[in-house]
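Read through the structure below, which is laid out as structure tokens, and then see the notes.
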Amino acid sequence: MITSKYHSTVVLPKIEKPYPSILEFLKTRFPGIETKIWEARINSGKVITQKGEPISLAMAYEPLKKLHYFREVEKESIIPFTEKIVFCNDELLVACKPHFLPVTPAGPYVNECLLHRLKQKTGNKELSPINRIDRETAGLVLFSMNKKTRGRYQEMFMKGEVEKTYDAVTKYHCSQKKKSWTIENRIVKGDPWFRMKTAPGRPNAITKISLVKSKGNKALFQLCPV
22 MITSKYHSTV VLPKIEKPYP SILEFLKTRF PGIETKIWEA RINSGKVITQ
72 KGEPISLAMA YEPLKKLHYF REVEKESIIP FTEKIVFCND ELLVACKPHF
122 LPVTPAGPYV NECLLHRLKQ KTGNKELSPI NRIDRETAGL VLFSMNKKTR
172 GRYQEMFMKG EVEKTYDAVT KYHCSQKKKS WTIENRIVKG DPWFRMKTAP
222 GRPNAITKIS LVKSKGNKAL FQLCPV
């Protein structure tokens, strides 16, 4: 069994009553983990409060309460690609994430993630990602080095004050004359609540796509979320 050296955090969401039990919430929030595993973790003190106190199965659900837990997997594959730190000061760290490396612990990955690797490199246990990209995507990820100022940068992303640009290579019929597109969707909470889905209504997620260059049956596109 491989256990993460650093805890992960889950926030009990603000939902309508009647509240579920902590165990019911964890079962819904993490459908890939069996109920008996969560029971064993709780009973062995592996799920704790922000104060470091172990919780019990009888603990009442409290909206917005934070719980810490240590991820475990039977075995973990090594991802043979290396990240690179491109900028670092007392406030921020920027790392270039390779393809296939998750930003944070997820699925079968506990220690093979960008966050764990950078904590090991920097010795900063408070390191926390401010933005994220998919596991299959390579690119720059911004981390907060200072817990006291982290909220300022998170707020900038929430308000859309940070410009983001993505490059994508895909198959493309070069005979097409169109060179730019605008994709508009309305993204809302799905079922279960932590999954997102598209829905009818006023768009709240807009991405502009432009063709940069093409060769053969492939092309390079630039994607800019608005």
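Our numbering applies: residue 22 is where the sequence shown begins, and numbers increase by one.
A virtual CB, placed ideally from N, CA and C, is assigned to each residue, including glycine.
At a cut-off of 3 residues, the continuous stretches assigned as beta strand (DSSP E) that sit fully inside the segment 151 to 184 are 160 to 165. At least 9 Å separates the beta-carbon of Phe108 from that of Leu122.
For Leu148, same chain residues with a beta-carbon under 8 Å away, outside a window of 5 residues either side, are Leu114, Leu136, Leu139, Lys140, Phe164, Ser165, Met166 in chain order.
Comparing alpha-carbon positions, the option among Asp111, Glu97, Glu157 lying closest to Pro129 turns out to be Glu97. Our two residues, Ala220 and Lys210, have alpha carbons roughly 9 Å apart in a direct line.
By the Cβ test, the segment 149 to 156 is not in contact with the segment 45 to 55, since fewer than three Cβ pairs between them sit closer than 8 Å. Looking at Lys86, Asn132, Ala79, Leu78, the one whose alpha-carbon comes closest to that of Ile99 is Asn132. Take the alpha-carbon of Ile69 and the one of Cys134: they are about 22 Å apart. Assigned with DSSP and collapsed to three states, Ile69 falls in strand. Listed in chain order, the beta strand (DSSP E) elements of length 3 or more contained wholly in the segment 71 to 152 are 87 to 90, 105 to 109, 113 to 118. In the three-state DSSP reduction, Phe51 falls in the coil class, being neither helix nor strand. Taking Ile106 as the centre and dropping the five residues before and after it, the same chain places the C-beta of Ala116 closer than 6 Å to its C-beta, in chain order. Residue Ala79 holds the alpha-carbon nearest to the alpha-carbon of Ser42 among Pro34, Arg62, Ala79. Between Glu205 and the set Asn225, Ser25, Ser235, the nearest pair of CA atoms involves Asn225. Taking the Cα positions, Lys185 is about 30 Å away from Lys35. Between Lys118 and Leu161, the gap from beta carbon to beta carbon is short of 9 Å. Gln71 and Thr24 have their C-alpha atoms spaced approximately 19 Å apart. Rounded to whole angstroms, the separation of the alpha carbons of Ile54 and Ile76 is 18 Å.
DSSP places Thr186 in no beta strand (DSSP E); its state is neither H nor E. The DSSP-derived three-state label of Glu45 is helix. In its chain, beyond the 5 residues on either side, Leu88 have a beta carbon closer than 6 Å to the beta carbon of Val31. For Asn206, the uninterrupted beta strand (DSSP E) segment begins and ends at 201 to 206. Under the three-state reduction of DSSP, Ile58 is assigned to helix. Contact annotation: Thr191 and Lys234 have beta-carbon atoms that are not nearer than 9 Å.
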